[in-house]
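Trainee: Top line first, the protein sequences correspond to chains A and B. With numbering that gives the first Met the number 0, letter number 182 in the first sequence gets 181, and the count goes up by one each step, no holes. With numbering that gives the first Met the number 0, letter number 15 in the second sequence gets 14, and the count goes up by one each step, no holes. Ideal placement from N, C-alpha and C gives every residue a C-beta, glycine not left out. Here it is, the structure in full.
There are 2 protein chains.
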Amino acid sequence: MKISSSDAANPVINLDQGDPTAFQEYWMSMTMKERCVVVIPGWDLMSYFSDKTNVCWFLRQDLAEAIKALHRAIGNAATEERYIVVGNGSSQLCQAALFALSSLSEDKPLSIVAAVPYYSTYEEEASYVQSQLYKWERDARTFNKPGPYIEIVTSPNNPDGTIREPVVNRGGKVIYDFAYYWPHYTPITHRQDHDIMLFTFSKIAGHAGSRIGWALVKDIEVAKKMVQYLTINSIGVSKESQIRATVILNELTKSCRIKSESFFEYGNEKVKTRWESLRWVVDKTGDTFTLPDYPQAFCNFFGKSSSTYPAFAWLGCNEDKDLESLLKEKYVLTRGGERCGSDKKYVRVNMLGPNKDFEDFLNRLLTIKYPNCFEEIPCFEP
Amino acid sequence: MKISSSDAANPVINLDQGDPTAFQEYWMSMTMKERCVVVIPGWDLMSYFSDKTNVCWFLRQDLAEAIKALHRAIGNAATEERYIVVGNGSSQLCQAALFALSSLSEDKPLSIVAAVPYYSTYEEEASYVQSQLYKWERDARTFNKPGPYIEIVTSPNNPDGTIREPVVNRGGKVIYDFAYYWPHYTPITHRQDHDIMLFTFSKIAGHAGSRIGWALVKDIEVAKKMVQYLTINSIGVSKESQIRATVILNELTKSCRIKSESFFEYGNEKVKTRWESLRWVVDKTGDTFTLPDYPQAFCNFFGKSSSTYPAFAWLGCNEDKDLESLLKEKYVLTRGGERCGSDKKYVRVNMLGPNKDFEDFLNRLLTIKYPNCFEEIPCFEP
Chain A
0 MKISSSDAAN
10 PVINLDQGDP
20 TAFQEYWMSM
30 TMKERCVVVI
40 PGWDLMSYFS
50 DKTNVCWFLR
60 QDLAEAIKAL
70 HRAIGNAATE
80 ERYIVVGNGS
90 SQLCQAALFA
100 LSSLSEDKPL
110 SIVAAVPYYS
120 TYEEEASYVQ
130 SQLYKWERDA
140 RTFNKPGPYI
150 EIVTSPNNPD
160 GTIREPVVNR
170 GGKVIYDFAY
180 YWPHYTPITH
190 RQDHDIMLFT
200 FSKIAGHAGS
210 RIGWALVKDI
220 EVAKKMVQYL
230 TINSIGVSKE
240 SQIRATVILN
250 ELTKSCRIKS
260 ESFFEYGNEK
270 VKTRWESLRW
280 VVDKTGDTFT
290 LPDYPQAFCN
300 FFGKSSSTYP
310 AFAWLGCNED
320 KDLESLLKEK
330 YVLTRGGERC
340 GSDKKYVRVN
350 MLGPNKDFED
360 FLNRLLTIKY
370 PNCFEEIPCF
380 EP
Chain B
0 MKISSSDAAN
10 PVINLDQGDP
20 TAFQEYWMSM
30 TMKERCVVVI
40 PGWDLMSYFS
50 DKTNVCWFLR
60 QDLAEAIKAL
70 HRAIGNAATE
80 ERYIVVGNGS
90 SQLCQAALFA
100 LSSLSEDKPL
110 SIVAAVPYYS
120 TYEEEASYVQ
130 SQLYKWERDA
140 RTFNKPGPYI
150 EIVTSPNNPD
160 GTIREPVVNR
170 GGKVIYDFAY
180 YWPHYTPITH
190 RQDHDIMLFT
200 FSKIAGHAGS
210 RIGWALVKDI
220 EVAKKMVQYL
230 TINSIGVSKE
240 SQIRATVILN
250 ELTKSCRIKS
260 ESFFEYGNEK
270 VKTRWESLRW
280 VVDKTGDTFT
290 LPDYPQAFCN
300 FFGKSSSTYP
310 AFAWLGCNED
320 KDLESLLKEK
330 YVLTRGGERC
340 GSDKKYVRVN
350 MLGPNKDFED
360 FLNRLLTIKY
370 PNCFEEIPCF
380 EP
């Protein structure tokens with residue numbers, strides 16, 4: 000990987016959104032290329048309904064089975080005695096959960112909080128339609144309004160990759176977003192077992208275009224209200240995407256213990272080597288930039304101790320600068336820390352973009368410190 | 000078609016929702032069965048993005064082209080100098096339009112009205128999240144609040160099939176829902192040309208499971224705000240569904256002038272014969288039930304005069320009865336008129352259910368008038 004000083008003339012690299020296209024190479028490999036082909040005839044999947052007897056009447060039964068099988072194989076979440084609610088991505092499900100919990104609460108508007116730094120989209124989700132059911136109250140750590148509330152807990156956290164627990168702890172409702180609680184990103188230390196847990200198909204193996212997410216919900220009344228939201232909001236969820244998610248989740252389950260084929264083995268190597276490259280560059284720049292450190296923990300899935308390799312890097316700068324603007328000057332788009340309720344000296348950087356974008360990003364990062372440098376970044380690829 | 004008096008023991012017929020499965024037989028025919036097969040490999044459609052340069056960045060360009068080609072071939076809507084916004088069904092797009100228009104309005108909450116009888120879901124869409132941006136104000140005909148407003152105009156109307164124009168006409172914004180403005184349902188008398196027009200893939204040829212709708216939007220600021228809604232609400236729309244809609248819309252366009260293959264020829268025959276059967280039964284019951292009459296008009300697409308054959312029947316009873324309950328006693332589920340802002344002596348009946356359900360419905364309707372009758376309903380099939 001060569002570094003030159005002509006980066007400013009290079010095209011824009013968009014690492015703002017978390018587009019997970021890095022994983023496409025796995026699905027294009029010789030082993031996988033022919034495996035997960037979905038074929039849909041013109042006469043199929045025409046009805047709104049999947050199973051009229053199910054609380055989530057638009058959820059395909061085979062997708063429900065695939066979801067349960069994968070959670071069992073990975074050991075990351077309890078699926079027993081729970082309702083599965085499928086959504087057009089987990090963002091829609093988060094809004095469905097806000098609707099459900101606030102509709103069922105006697106106090107309205109219900110306060111919604113998340114500990115800083117939080118996923119910036121939560122703020123938008125909780126605010127954009129100006130609902131009278133709930134109200135965004137920002138940082139969970141400084142929240143001190145009496146009465147009921149909803150805390151959104153993302154673990155590992157988006158944007159900073161930390162392992163999170165609720166911080167308010169006054170008996171409010173908690174929505175757990177486990178988008179990144181998969182073994183390639185973080186050690187699976189225990190089976191999560193909470194009332195409302197959100198997962199997304201986008202961030203497991205990279206199929207963001209399918210817009211599939213699911214919620215595991217204990218309380219039938221909450222599940223029903225979430226389904227009501229999804230019914231009014233979009234009359235359910237694409238059957239084509241559900242079919243495709245079923246095929247791919249089943250493949251993930253089937254091959255997860257075959258070391259040479261397992262997506263999670265591949266994915267873990269992929270994100271780990273990217274993190275090693277990024278840390279090398281950040282070290283090289285001396286005290287210009289900062290990255291969080293993550294503790295080691297025993298991963299029940301891999302059967303060994305490991306660290307966390309988040310899907311986003313929470314990059315900081317030691318001086319009191321606007322890091323988003325600084326990177327923008329290098330034509331690198333990131334998400335500024337202020338959007339995550341934090342400081343502008345931080346940015347969220349997508350770690351799952353195309354190889355070329357990631358390499359160019361590292362190069363441009365180095366040139367911030369060494370404008371005229373020309374150095375080889377060591378190859379950490381296995 | 001035999002009529003017996005043992006219908007009460009028969010299984011429930013659900014004609015409440017507008018599930019359009021009647022058209023499946025067309026797609027299963029020898030001619031069509033192999034034509035619209037979609038094949039999606041595991042590595043495809045992974046990104047959130049379709050075209051970052053487009054206002055609607057998650058809309059696939061080939062779907063946009065397919066939409067424009069079909070509208071050109073049918074002549075039902077102008078697509079020139081408009082932005083296409085794709086949604087997870089047109090319900091989500093309607094909510095996106097409410098969000099866009101009210102966000103851009105200085106007066107909030109913006110009043111939302113529709114002329115009675117209206118599509119019951121509008122009321123739910125405009126009310127469920129209790130937005131402070133807009134407020135459901137029910138019947139457009141009795142609406143007399145000063146100031147800006149949004150009127151939703153559905154033509155042909157759901158539930159009663161009438162051809163509609165705005166009724167408030169005080170310079171407010173209008174959202175046109177043209178879900179049923181296709182030649183199998185109603186004569187295409189002119190090319191619609193309005194600021195915001197909604198269409199759904201569900202009701203053209205029956206692919207409701209795909210959850211695809213689109214809006215044709217003149218004003219870029221409205222289009223941008225709609226895209227903002229869809230971005231926060233579900234981060235776009237299933238790529239699998241977009242691919243499938245593209246293939247099927249292109250097939251509809253390609254064969255629309257081949258009489259033996261055209262979906263619109265088939266669909267027109269299908270709904271027309273169902274309406275003839277229903278009218279025969281309603282006539283047979285004397286003055287028990289009522290149905291709207293529809294005028295003849297010249298259809299530019301078929302090149303001949305024709306009537307309207309709506310996707311729903313707006314069935315009434317002459318006595319002051321609760322028709323929904325009356326039909327429920329016969330195990331027929333319909334949507335009560337009160338949910339459409341009208342009277343309980345009316346119900347909305349799905350005309351696009353499976354053949355067997357429709358035949359059973361006719362039988363049970365007859366037995367309301369003649370509990371012990373046993374008569375042959377003439378076959379109107381061509």
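Please report how far the alpha carbon of I12(A) lies from the alpha carbon of W42(B), in whole angstroms.
Mentor: Numbered from its first residue, the first sequence carries residue 12(A) at position 13. Numbered from its first residue, the second sequence carries residue 42(B) at position 43. Rounded to the nearest angstrom, the two C-alpha atoms are 22 Å apart.
Trainee: Would a C-beta distance cut-off of 8 Å place A95(A) and V112(A) closer than the cut-off?
Mentor: Here residue 95(A) is taken as the residue at index 96 of the first sequence, counted from 1. Here residue 112(A) is taken as the residue at index 113 of the first sequence, counted from 1. No; because the gap between Cβ atoms is not below 8 Å, this pair is not in contact.
Trainee: From S240(A) to G171(B), what distance separates their C-alpha atoms?
Mentor: Position 241 of the first sequence, counted from the start, is the residue given in the question as residue 240(A). Position 172 of the second sequence, counted from the start, is the residue given in the question as residue 171(B). Going from the Cα of S240(A) to the Cα of G171(B) covers about 38 Å.
Trainee: Please report the residue range of the alpha helix (DSSP H) in which T366(B) lies.
Mentor: Here the question's residue 366(B) lines up with position 367 in the second sequence. That run of the alpha helix (DSSP H) goes 354-368.
Trainee: Once DSSP output is grouped into helix, strand and coil, what is the label at R137(B)?
Mentor: Position 138 of the second sequence, counting from 1, holds the residue named residue 137(B). For R137(B), the secondary structure class from DSSP, reduced to helix, strand or coil, is strand.
Trainee: At 7 Å on the CB atoms, spell out the chain B contacts of A206(A), in chain order.
Mentor: As a first step, residue 206(A) must be located in the first sequence, where it is residue number 207. Note that residue 206(A) is His in the sequence shown, not Ala. Going along chain B in sequence order, the residues near H206(A) (Cβ under 7 Å) are M45.
Trainee: Just the C-alpha distance for S46(B) and W313(A), rounded to the nearest angstrom, thanks.
Mentor: On the second sequence, position 47 is the one that residue 46(B) refers to. On the first sequence, position 314 is the one that residue 313(A) refers to. In a straight line, the C-alpha of S46(B) is about 22 Å away from that of W313(A).
Trainee: Could you tell me the distance, in whole angstroms, from the CA atom of L103(B) to the CA atom of L229(A)?
Mentor: The residue given as residue 103(B) occupies position 104 in the second sequence. The residue given as residue 229(A) occupies position 230 in the first sequence. Approximately 26 Å, taken between the alpha carbons.
Trainee: Are the CB atoms of L248(A) and A65(A) within a distance shorter than 8 Å?
Mentor: One-based indexing of the first sequence puts residue 65(A) at position 66. One-based indexing of the first sequence puts residue 248(A) at position 249. Yes; because the gap between Cβ atoms is below 8 Å, this pair is in contact.
Trainee: Quick check on DSSP: helix, strand or coil for M27(A)?
Mentor: Mapped onto the first sequence, residue 27(A) falls at position 28. M27(A) carries a coil assignment under DSSP once its states are collapsed to helix, strand and coil.
Trainee: For chain B, find out if any of its Cβ atoms is closer than 8 Å to the Cβ of I149(A); answer yes or no.
Mentor: Mapped onto the first sequence, residue 149(A) falls at position 150. False, the Cβ-Cβ gap to chain B never drops below 8 Å.
Trainee: Taking R273(B) as the reference, give the member of F357(B), T287(B), I242(B) with the closest Cα.
Mentor: Along the second sequence, read from residue 1 onward, the residue named residue 273(B) stands at position 274. The shortest C-alpha separation from R273(B) is found at F357(B).
Trainee: How would you call E136(B), buried or exposed, if buried means at least 16 neighbouring beta carbons within 10 angstroms?
Mentor: Taking the second sequence and counting its residues from 1, one reaches residue 136(B) at position 137. When all chains shown are included, E136(B) counts as buried.
Trainee: Do we get a CB-CB distance below 8 Å when we pair M31(A) with the residues of chain B?
Mentor: Counted from its first residue, the first sequence places residue 31(A) at position 32. It does; some Cβ of chain B falls within 8 Å.
Trainee: If we ignore side chains and look at the alpha-carbon of each, how far apart do K67(B) and F48(B) end up?
Mentor: Counting from one through the second sequence, the residue named residue 67(B) turns up at place 68. Counting from one through the second sequence, the residue named residue 48(B) turns up at place 49. Taking the straight line joining both Cα atoms gives about 21 Å.
Trainee: Nearest chain A C-beta to P40(B) closer than 8 Å, yes or no?
Mentor: Taking the first residue of the second sequence as position 1, residue 40(B) is located at position 41. Cβ-Cβ to chain A under 8 Å: yes for P40(B).
Trainee: Looking at Q23(A) and G205(A), is the spacing between their C-beta atoms short of 8 Å?
Mentor: Here residue 205(A) refers to the residue found at position 206 when the first sequence is read from its first residue. Here residue 23(A) refers to the residue found at position 24 when the first sequence is read from its first residue. For G205(A) and Q23(A), yes; Cβs fall inside 8 Å.
Trainee: Can you give the beta carbon distance from V385(B) to I39(A), rounded, assuming they're within the 8 Å contact cut?
Mentor: Coverage of chain B is limited to positions 0 through 381, which leaves residue 385(B) absent and any answer about it impossible.
Trainee: So which residues of chain B does Q131(A) contact, with C-beta pairs closer than 7 Å?
Mentor: Position 132 of the first sequence holds residue 131(A). Residues of chain B passing the Cβ test: Q129, Q131.
Trainee: Would you list the one or two residues that DSSP bridges to A178(A)?
Mentor: For the purposes of this step, residue 178(A) is taken as residue 179 along the first sequence, with counting starting at 1. Answer is none; A178(A) lacks a bridge partner.
Trainee: Quick one, which of K343(B), Y345(B), R256(B) has its alpha-carbon nearest G302(B)'s?
Mentor: Counting from 1 along the second sequence, the entry for residue 302(B) is found at position 303. Here the closest residue by C-alpha is R256(B).
Trainee: Which whole-angstrom value describes the C-beta separation of P182(B) and C298(B), a residue pair presumed to lie in contact below a C-beta threshold of 8 Å?
Mentor: As a first step, residue 182(B) must be located in the second sequence, where it is residue number 183. As a first step, residue 298(B) must be located in the second sequence, where it is residue number 299. Between C298(B) and P182(B) the Cβ distance is about 6 Å, and since that is below 8 Å, they are a contact.
Trainee: Report yes or no: do three or more beta-carbon pairs, one from the segment 108-126 of chain B and one from the segment 340-347 of chain B, lie closer than 8 Å?
Mentor: yes
Trainee: Under 8 Å between C-beta atoms, does K238(A) make it to chain B?
Mentor: Residue mapping note: residue 238(A) aligns to position 239 of the first sequence, counting from 1. The C-beta of K238(A) comes closer than 8 Å to at least one C-beta of chain B.
Trainee: Does N232(A) come within less than 8 Å of chain B when only Cβ atoms are used?
Mentor: Counting from one through the first sequence, the residue named residue 232(A) turns up at place 233. For N232(A), the answer is yes, since a Cβ of chain B falls inside 8 Å of its Cβ.
Trainee: May I have the straight-line CA-CA distance separating F288(A) from Y175(A), to the nearest angstrom?
Mentor: Position 289 of the first sequence, counted from the start, is the residue given in the question as residue 288(A). Position 176 of the first sequence, counted from the start, is the residue given in the question as residue 175(A). The alpha-carbon of F288(A) is positioned some 30 Å away from that of Y175(A).
Trainee: Excluding five sequence neighbours on each side, which residues of the same chain lie with their C-beta closer than 8 Å to the C-beta of A77(A)?
Mentor: Sequence index remark: in the first sequence, residue 77(A) carries index 78 (1-based). Within the same chain, A77(A) has close Cβ partners H70, R190, Q191, D192, L215.
Trainee: Who pairs with Y148(B) in a beta bridge, going by DSSP?
Mentor: Within the second sequence, the letter at position 149 stands for residue 148(B). BP columns for Y148(B) point to S110(B).
Trainee: Identify the continuous alpha helix (DSSP H) that holds R338(A) and give its terminal residues.
Mentor: Working through the first sequence from its first residue, we reach residue 338(A) at position 339. Per DSSP, R338(A) belongs to no alpha helix (DSSP H) and is neither H nor E.
Trainee: Jot down the residue ranges of each uninterrupted beta strand (DSSP E) in the segment 49-108 of chain B, minimum 3 residues, whole runs only, in chain order.
Mentor: 82-86
Trainee: So what's E209(A) in DSSP terms, helix, strand or just coil?
Mentor: Counting from 1 along the first sequence, the entry for residue 209(A) is found at position 210. Contrary to the premise, residue 209(A) reads as Ser rather than Glu in this sequence. Correct three-state label for S209(A): helix.
Trainee: Between the Cα of G17(A) and those of N349(A), L325(A), L365(A), spot the shortest distance and give me the residue it belongs to.
Mentor: The count along the first sequence starts at 1 and reaches residue 17(A) at position 18. Here the closest residue by C-alpha is N349(A).
Trainee: Taking M384(B) as part of the beta strand (DSSP E), name the residues at either end of that continuous run.
Mentor: Here chain B has residues from 0 to 381 only, and residue 384(B) is not among them.
Trainee: Please list the residues of the segment 329-342 of chain B that have a C-beta atom closer than 7 Å to any C-beta atom in chain A, keeping them in chain order.
Mentor: none
Trainee: What did DSSP end up calling N249(A) once you bin it into helix, strand or coil?
Mentor: The residue labelled residue 249(A) in the question sits at position 250 within the first sequence. Reduced to three states, the DSSP call for N249(A) is helix.
Trainee: Whose C-beta lies closer than 8 Å to the C-beta of E164(A) among residues of the same chain, with five residues either side of it excluded?
Mentor: Along the first sequence, read from residue 1 onward, the residue named residue 164(A) stands at position 165. Result list for E164(A): V152, S154, in chain order.
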